[in-house]
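Heads up: the structure comes next, in structure tokens.
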Amino acid sequence: MKRIEILVENIILASRWLLVVFYLGLALALAIYAFSFAGKLIDFVAKVTVLDETDTILKMLGLIDAALVASLVVMVIISGYENFVSRFDQADEVHWLGTIDAGSLKIKVASTIVAISSIHLLQVFLNLTQFSTSQLTWFTLIHLTFVFSALFLAYIDKLMVKDKGEKKSDEPSL
334 MKRIEILVEN IILASRWLLV VFYLGLALAL AIYAFSFAGK LIDFVAKVTV
384 LDETDTILKM LGLIDAALVA SLVVMVIISG YENFVSRFDQ ADEVHWLGTI
434 DAGSLKIKVA STIVAISSIH LLQVFLNLTQ FSTSQLTWFT LIHLTFVFSA
484 LFLAYIDKLM VKDKGEKKSD EPSL
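For reference, each letter of the sequence shown is one residue, going 334 to 507 in the numbering used here.
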């Protein structure tokens, strides 16, 4: 019976390597998104002399938005692999590698989503004439939902860290 238990545990532990398929897929998606970014950049450069200030800002916000999305994907790939699959051998070379746990990753992802949402909302506000009052209200409510979700996640993470600290201090020292 113990051998069966060990076999099941080994299979479950080895199943974490299935996540690599997802991370490689995200890396491929990131490469495709880089081509999309390059197209946006080329379009911006080609039209920069004829764009007015608002359109220039909107194009730049689109580029910033793309950079934030790309950073979010990289953060998920690296942190997910490091936390759930295997430690990187090059951790000595990259000082921040291994410093993001699952809780921190949730907070960083939520913060990035709020930043992306903020950029979209700014783009909407710079084009007020193209949207109805109802649409503006919904865009704002959706953004506030992201903000409150991020704050709530951060609060929960803070409580969990505090709880872990209290449990450690309650344990007798040797």
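Every residue gets a Cβ at the ideal spot worked out from N, C-alpha and C, and that includes glycine.
What distance in whole Å lies between the Cβ atoms of V409 and V442, which are believed to be in contact at a cut-off of 8 Å?
Within the sequence shown, numbered from 1, the residue matching residue 442 stands at position 109. Within the sequence shown, numbered from 1, the residue matching residue 409 stands at position 76. V442 to V409, Cβ: 7 Å. Contact.
According to DSSP, is L351 part of a helix, a strand, or is it coil?
Locating residue 351 in the sequence shown gives position 18, counting from the first residue. The answer is helix: DSSP assigns L351 an H, G or I state.
Roughly how many angstroms lie between the CA atoms of A347 and R336, to the nearest whole one?
Within the sequence shown, the letter at position 14 stands for residue 347. Within the sequence shown, the letter at position 3 stands for residue 336. Going from the Cα of A347 to the Cα of R336 covers about 16 Å.
Quick check on DSSP: helix, strand or coil for V383?
Counted from its first residue, the sequence shown places residue 383 at position 50. Note: V383 maps to coil in three-state DSSP.
Could you work out which residue in S450, K491 and G395 is closest to F479 when comparing CA atoms only?
Residue mapping note: residue 479 aligns to position 146 of the sequence shown, counting from 1. Minimum Cα distance to F479 is reached at S450.
If you reduce the DSSP assignment to three classes, tell me which class H370 lands in.
The residue given as residue 370 occupies position 37 in the sequence shown. With the sequence shown as reference, residue 370 is identified as Phe, and His is not the correct amino acid for it. DSSP places F370 in helix when its eight states are reduced to three.
Apart from the five residues just before and just after F370, which ones in its own chain have a Cβ nearer than 6 Å to its Cβ?
Looking up residue 370 in the sequence shown gives position 37. A399.
Whose C-beta lies closer than 7 Å to the C-beta of L391 among residues of the same chain, with five residues either side of it excluded?
Working through the sequence shown from its first residue, we reach residue 391 at position 58. Excluding sequence neighbours, L391 sits near Q456 and L459.
What is the DSSP secondary structure of N460, counted as helix, strand or coil?
By 1-based counting over the sequence shown, the position of residue 460 is 127. N460: coil per DSSP, three-state reduction.
Are the Cβ atoms of L401 and T473 separated by less than 8 Å?
Residue 401 sits at position 68 when you count from the first residue of the sequence shown. Residue 473 sits at position 140 when you count from the first residue of the sequence shown. No, the pair does not count as a contact, with Cβ atoms beyond the cut-off.
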